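Report on the structure given below.
Number of protein chains: 4
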Amino acid sequence: MSPRSSAQFEEMREEKKALIMNTALEHFSDYGFHATTISHIAKHAGISKGLMYNYFKSKEELLAAIINRSLDEIYRSFNPDRDSTLTPDEFENFIRRIFAIFRENRQFWKLIYRVMLQRGVYEHLSDDPDATFTVGGIPLMEYSAYMAKLMSDYFIRKKETEGPDFDPVTEMLMFSNTLKGFALTYIFAPGQYPDEYFEKMVETLIRKYR
Amino acid sequence: MSPRSSAQFEEMREEKKALIMNTALEHFSDYGFHATTISHIAKHAGISKGLMYNYFKSKEELLAAIINRSLDEIYRSFNPDRDSTLTPDEFENFIRRIFAIFRENRQFWKLIYRVMLQRGVYEHLSDDPDATFTVGGIPLMEYSAYMAKLMSDYFIRKKETEGPDFDPVTEMLMFSNTLKGFALTYIFAPGQYPDEYFEKMVETLIRKYR
Amino acid sequence: MSPRSSAQFEEMREEKKALIMNTALEHFSDYGFHATTISHIAKHAGISKGLMYNYFKSKEELLAAIINRSLDEIYRSFNPDRDSTLTPDEFENFIRRIFAIFRENRQFWKLIYRVMLQRGVYEHLSDDPDATFTVGGIPLMEYSAYMAKLMSDYFIRKKETEGPDFDPVTEMLMFSNTLKGFALTYIFAPGQYPDEYFEKMVETLIRKYR
Amino acid sequence: MSPRSSAQFEEMREEKKALIMNTALEHFSDYGFHATTISHIAKHAGISKGLMYNYFKSKEELLAAIINRSLDEIYRSFNPDRDSTLTPDEFENFIRRIFAIFRENRQFWKLIYRVMLQRGVYEHLSDDPDATFTVGGIPLMEYSAYMAKLMSDYFIRKKETEGPDFDPVTEMLMFSNTLKGFALTYIFAPGQYPDEYFEKMVETLIRKYR
DNA sequence: GATGAATGAGTATTCATTCAT
DNA sequence: CATGAATGAATACTCATTCAT
Chain G
1 MSPRSSAQFE EMREEKKALI MNTALEHFSD YGFHATTISH IAKHAGISKG
51 LMYNYFKSKE ELLAAIINRS LDEIYRSFNP DRDSTLTPDE FENFIRRIFA
101 IFRENRQFWK LIYRVMLQRG VYEHLSDDPD ATFTVGGIPL MEYSAYMAKL
151 MSDYFIRKKE TEGPDFDPVT EMLMFSNTLK GFALTYIFAP GQYPDEYFEK
201 MVETLIRKYR
Chain A
211 MSPRSSAQFE EMREEKKALI MNTALEHFSD YGFHATTISH IAKHAGISKG
261 LMYNYFKSKE ELLAAIINRS LDEIYRSFNP DRDSTLTPDE FENFIRRIFA
311 IFRENRQFWK LIYRVMLQRG VYEHLSDDPD ATFTVGGIPL MEYSAYMAKL
361 MSDYFIRKKE TEGPDFDPVT EMLMFSNTLK GFALTYIFAP GQYPDEYFEK
411 MVETLIRKYR
Chain X
421 MSPRSSAQFE EMREEKKALI MNTALEHFSD YGFHATTISH IAKHAGISKG
471 LMYNYFKSKE ELLAAIINRS LDEIYRSFNP DRDSTLTPDE FENFIRRIFA
521 IFRENRQFWK LIYRVMLQRG VYEHLSDDPD ATFTVGGIPL MEYSAYMAKL
571 MSDYFIRKKE TEGPDFDPVT EMLMFSNTLK GFALTYIFAP GQYPDEYFEK
621 MVETLIRKYR
Chain U
631 MSPRSSAQFE EMREEKKALI MNTALEHFSD YGFHATTISH IAKHAGISKG
681 LMYNYFKSKE ELLAAIINRS LDEIYRSFNP DRDSTLTPDE FENFIRRIFA
731 IFRENRQFWK LIYRVMLQRG VYEHLSDDPD ATFTVGGIPL MEYSAYMAKL
781 MSDYFIRKKE TEGPDFDPVT EMLMFSNTLK GFALTYIFAP GQYPDEYFEK
831 MVETLIRKYR
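Residue numbers (the numbering used here), protein chains in the order written: chain G, 1 to 210; chain A, 211 to 420; chain X, 421 to 630; chain U, 631 to 840.
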């Protein structure tokens, strides 16, 4: 009986961890953080309650881990050209990617909307230095600011082609609000968006704001 | 010496009830339903825990009472012309009223967003026949459907003046998503909307969708 | 406005007191002591909760007052010839009176069976010197002992006429157990005793034990 | 090191469960259901309050479990010859077994008398389909009816040998009331029944009603 | 690593009792 | 005398977390 290599152990650990996180994501996003119990997660993941604490220090840390993992996934699938400005084609692509991400990670977005809107959960997480969210290694706040700047610059540059009546700030707010509103509806009531209208929303946003 | 008159008692009751509801609204909307404890509400209202139960049968009923009270307030301030179609002027007025309501009842909208996004709370309330929400006496669901129809008809009629390229469904979705997205941001991060941009959003929405 | 005479006041007090006690007896005997709330009693009696405390120091004292009142009623209706021995006719009459009392005070007997069987209630009452039960001014314990002696003597004397095989202690136990068992059933499931069998029980007991 | 086997866990569970049930039986039967608190049970069993809920869903379920366990114990020790009629010998044996059961399960009978006499507890239990009592798998009501029929038939058959003056219904009532009355006294005041009189009661009942 | 029994602080809720009017 | 708003201690029950095995 040769002992398993540490790589094998590591792999097993990662698998278990992923199992727990996936199960927890489902429950947190469907029932909310408070209404989800560790017992439920454990039962649905087919493990014991105690085992969870082998992988995560607390319920809060489990949540933070889930959020960070998804942020990274999104970041990787996004992969914007940092340190540069957005061309109209890149902007169009950006919109398409955003919508694709909504579609592919609906569970996660549900979690974000539910959890981020809950002072008490979010703030508790924010207080804990170990629980700061990062996107591709960058603190979420910083990353968000960067993305906002990218957007903002794009709309400011647009003013040059659209003329003096074009108010870049208002336009950007219109754009981002539409996006947020769509996300909200699509995530919580996807039935309202059959594929046809989903696509139309994408094309309309591109037509109006590119 | 002489005992309080029943009118005096009634007045005391109404005042206390309002105090409890206001305190609870603040807590529910800031921390969410589950994270808010009766103890916290009582402490902040300066009353004993038990007293709350003299006025509300349960935490759930307290929440329902708060929601219904605000729905009625909104309804009264809204006072739409039922059973009619919307003229462009009325539509414009509708938008202005909506934004005014966002501004005046921010705390309540926070509650709505938080609670509605928490499966388990909302559904529990819906199960309880005593807890059905009403707007001016009309069940909320019915009222919502009516408002949606009013909107929908407006956009369909717009097609006549806007020409064949105008897709009423997509336009309405764009409009309502922008509204939702704005509400979300304004409610949870009002700092992003100084008065200047708040007004600009109103005017832009009117200009684009009227 | 001449003030009411103190006799009038006293009469009013007594009426209110009786109202409260009657209402409470009904509730205590039907639902038990713990399950009955002061609020329920007050509501059913049509008075305020506070008023009860004008007449009785506590819930326990209210119970004790009810029990004592009924004990006295029973005593008066009983009126046995103290300080004497029982003749067979008196014994027969005693049986008839007992059954009549069961019939007339069923509510009270229900209370007795429920409360007396509840250590915690009864013992609490016994601890309180003000709450000792009395029958016609005599402490209940003393009165019970006296009655037991009367019975006992009766059965002992019976031995003389019944012969040496007659065991007075066993006979008395048989007799008193039958009485208790009948009371228990009659009080909690009176439907099992239509008038016909009620009478037959009386006659049979007399025939067998007189 | 190695985790406990599931058999080990099962054994631990059964032991703890029995400990809790025994402790609770003692408290319920001595103080009544309402007056007994989970805290008291836990303290006397030497466990935490929470642990009880690992084994029983509620206080009511705990009570139901205790009652059912005892009913089964009694049933097994009883083992009457179902589907047959009672011979005098069997009837005599039946009486002896009943008395033996009173003696062996006094705590349980105390519970039965207290709980059954507490409207609100018993009825609550009856409402809950999961809490229906069963005796050897047979619903209690059905079992009771069967036993009553067995008795009834016995007394009816007795009429043939006892002559026309024998009233089977009255005789059966006398018999069952004596039994109930004895049980009541023996259970709540066993001091009144030294072994000598206990035995005499048995023999007398047999002599009189066999 | 894995288990689940055990803990205890916390939660909603009830209710006898008090007291200002 | 009468009221009912107000209190607070007590109760059943929950659940994140710990720990012996």
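All C-beta atoms, glycine included, are put in the ideal place defined by N, C-alpha and C. Keep in mind that this is a model prediction, so the values were computed, not measured.
Under the three-state reduction of DSSP, which class applies to residue i: helix, strand or coil?
i                  : result
Arg-559 of chain X : For the record, residue 559 of chain X in the displayed sequence is Pro; it is not Arg. Here Pro-559 of chain X sits in strand by DSSP.
Lys-647 of chain U : helix
Met-642 of chain U : helix
Thr-344 of chain A : strand
Asn-652 of chain U : helix
Met-211 of chain A : Low confidence applies here, because Met-211 of chain A scores a pLDDT of 48, under 50, leaving its location unreliable and the question unanswered by this model.
His-124 of chain G : helix
Phe-448 of chain X : helix
Arg-420 of chain A : coil
Phe-243 of chain A : coil
Leu-117 of chain G : coil
Counting C-beta neighbours from all protein chains within 10 Å, is the total for residue i 16 or more, i.e. buried, or is it exposed?
i                  : result
Met-1 of chain G   : With a pLDDT of 43 at Met-1 of chain G, under the threshold of 50, the modelled position of this residue cannot be trusted, and the question is left open.
Met-746 of chain U : exposed
Val-799 of chain U : exposed
Lys-180 of chain G : buried
Ala-310 of chain A : exposed
Arg-13 of chain G  : exposed
Lys-673 of chain U : exposed
Arg-534 of chain X : buried
Ser-144 of chain G : exposed
Glu-459 of chain X : This sequence places Ser at residue 459 of chain X; Glu is not what is there. Answer is exposed; the Cβ neighbour count stays below 16.
Leu-51 of chain G  : exposed
Thr-457 of chain X : exposed
Phe-511 of chain X : buried
Glu-826 of chain U : exposed
Phe-639 of chain U : exposed
Ala-465 of chain X : buried
Ser-449 of chain X : buried
Ser-176 of chain G : buried
Glu-591 of chain X : buried
Lys-269 of chain A : buried
Lys-679 of chain U : exposed
Thr-443 of chain X : buried
Pull up the CB-CB distance for residue i and residue j, whole angstroms please, since I reckon it's below 8 Å.
i                  : j                  : result
Ala-64 of chain G  : Leu-125 of chain G : 6 Å
Arg-316 of chain A : Ile-397 of chain A : 6 Å
Asp-392 of chain X : Lys-830 of chain U : Absent from the structure is residue 392 of chain X, since the part of chain X shown begins at 421 and ends at 630.
Please state if the CB of residue j and the CB of residue i are separated by a distance shorter than 8 Å.
i                  : j                  : result
Leu-281 of chain A : Leu-350 of chain A : yes
Phe-312 of chain A : Ala-393 of chain A : yes
Ile-95 of chain G  : Leu-205 of chain G : yes
Thr-598 of chain X : Met-804 of chain U : yes
Leu-360 of chain A : Leu-272 of chain A : no
Ala-665 of chain U : His-447 of chain X : no
Arg-837 of chain U : Pro-718 of chain U : no
Tyr-265 of chain A : Lys-227 of chain A : yes
Gly-662 of chain U : Gln-538 of chain X : yes
Phe-763 of chain U : Ile-677 of chain U : no
Gly-556 of chain X : Tyr-613 of chain X : no
Cβ of residue i versus every heavy atom of the ligand ATP: is any distance shorter than 7 Å?
i                  : result
Met-231 of chain A : What this structure holds is no ligand at all, so the ligand ATP is not there to describe.
Continuous alpha helix (DSSP H) assignments of at least 4 residues falling wholly in the stretch 666-733 of chain U
668-675, 679-685 and 689-708
Whole runs of the alpha helix (DSSP H) within the stretch 137-202 of chain G, excluding any shorter than 4 residues:
Segments of the alpha helix (DSSP H) lying fully in the stretch 137-202 of chain G: 140-162 and 168-188.
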